[in-house]
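Novice: Starting off with a structure, shown below.
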Amino acid sequence: MMLARVIGTVVASRKDAALGGSALLLVQPLATDGTPSGKPIVAVDAIGSGVGEQVFYVKGREAALPFLPAEVPTDAAIVGIVDHWNVG
Amino acid sequence: MILGRVVGTVVATRKDERLVGAKLLVVRTIDPYGKDEANHLVAVDTVDAGLNDRVLVVSGSSARMAQGLKDTPVDAAIVGVVDELEIEKR
Chain A
3 MMLARVIGTV
13 VASRKDAALG
23 GSALLLVQPL
33 ATDGTPSGKP
43 IVAVDAIGSG
53 VGEQVFYVKG
63 REAALPFLPA
73 EVPTDAAIVG
83 IVDHWNVG
Chain B
604 MILGRVVGTV
614 VATRKDERLV
624 GAKLLVVRTI
634 DPYGKDEANH
644 LVAVDTVDAG
654 LNDRVLVVSG
664 SSARMAQGLK
674 DTPVDAAIVG
684 VVDELEIEKR
């Protein structure tokens, strides 16, 4: 899983039926010092996060699991809102 | 998922039989601010996207979750056409 910040929203009215109802959010992956790391991607929101929040998201085939039994075609899903993190 | 722009089509007569009937498009990746990036990829279209549409592309084994792609040999599928994109200022 990766740390990220939600930086925007995506609206798509024509999309896979299984994606209906879930928010599509733009997330910017972060390094542990909070600076942007790599390119922003689009993730499906599984927990009700919003723009500006720090979150963690899961990548790959497992990104579809929060939505079971629906089979959602996504390779990135936001699964947690970060309250704070510490790096020793 | 990554953002891309449809820049072309692919026609292939000889292909895996599970891909017969699949619409193959060439997608150029873009950044969220709309700028074209250097990467191109071939993706199966499941939402009737057209030339120049901004699209959502799902990669890897998750692509097989898209409608009609169960058990097909694909690793990239177009699953949405972007109407609008709102992003924080840099």
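Chains A and B supply the protein sequences, listed in that same order. So for the first sequence, this note's numbering puts the first residue at 3; every next one is plus one. So for the second sequence, this note's numbering puts the first residue at 604; every next one is plus one. Yeah, the Cβ is synthetic: ideal placement off N, Cα and C, and Gly gets one too.
Where does the unbroken beta strand (DSSP E) through B/Ala-680 begin, and where does it stop?
Specialist: Per DSSP, B/Ala-680 belongs to the beta strand (DSSP E) from 679–684.
Novice: If the criterion is Cβ atoms closer than 8 Å, does the pair B/Thr-630 and B/Val-661 meet it?
Specialist: Sequence check: residue 630 of chain B is Val here, not Thr. Result no, Cβ atoms of B/Val-630 and B/Val-661 do not sit closer than 8 Å.
Novice: For the beta strand (DSSP E) containing B/Thr-612, list its first residue and its last residue.
Specialist: From DSSP, the beta strand (DSSP E) with B/Thr-612 extends over 605–613.
Novice: State the CB to CB distance for the pair A/Lys-61 and A/Asp-77, rounded to an integer number of angstroms; the pair is presumed to be in contact (CB under 8 Å).
Specialist: Rounded, the Cβ-Cβ distance is 6 Å, consistent with contact.
Novice: Output the boundary residues of the beta strand (DSSP E) element that contains A/Ile-49.
Specialist: Here A/Ile-49 belongs to no beta strand (DSSP E), and DSSP marks it neither H nor E.
Novice: For the candidate residues B/Leu-688, B/Ser-665, B/Glu-689, whose alpha-carbon lies nearest to that of A/Asp-18?
Specialist: When only C-alpha atoms are compared, the closest one is B/Ser-665.
Novice: Between the beta-carbon of B/Thr-649 and the beta-carbon of B/Asn-642, is there less than 8 Å?
Specialist: Taking 8 Å as the Cβ cut-off, B/Thr-649 and B/Asn-642 do not qualify as a contacting pair.
Novice: Any beta carbon of chain B sitting closer than 8 Å to that of A/Leu-5?
Specialist: By this cut-off, A/Leu-5 is not an interface position.
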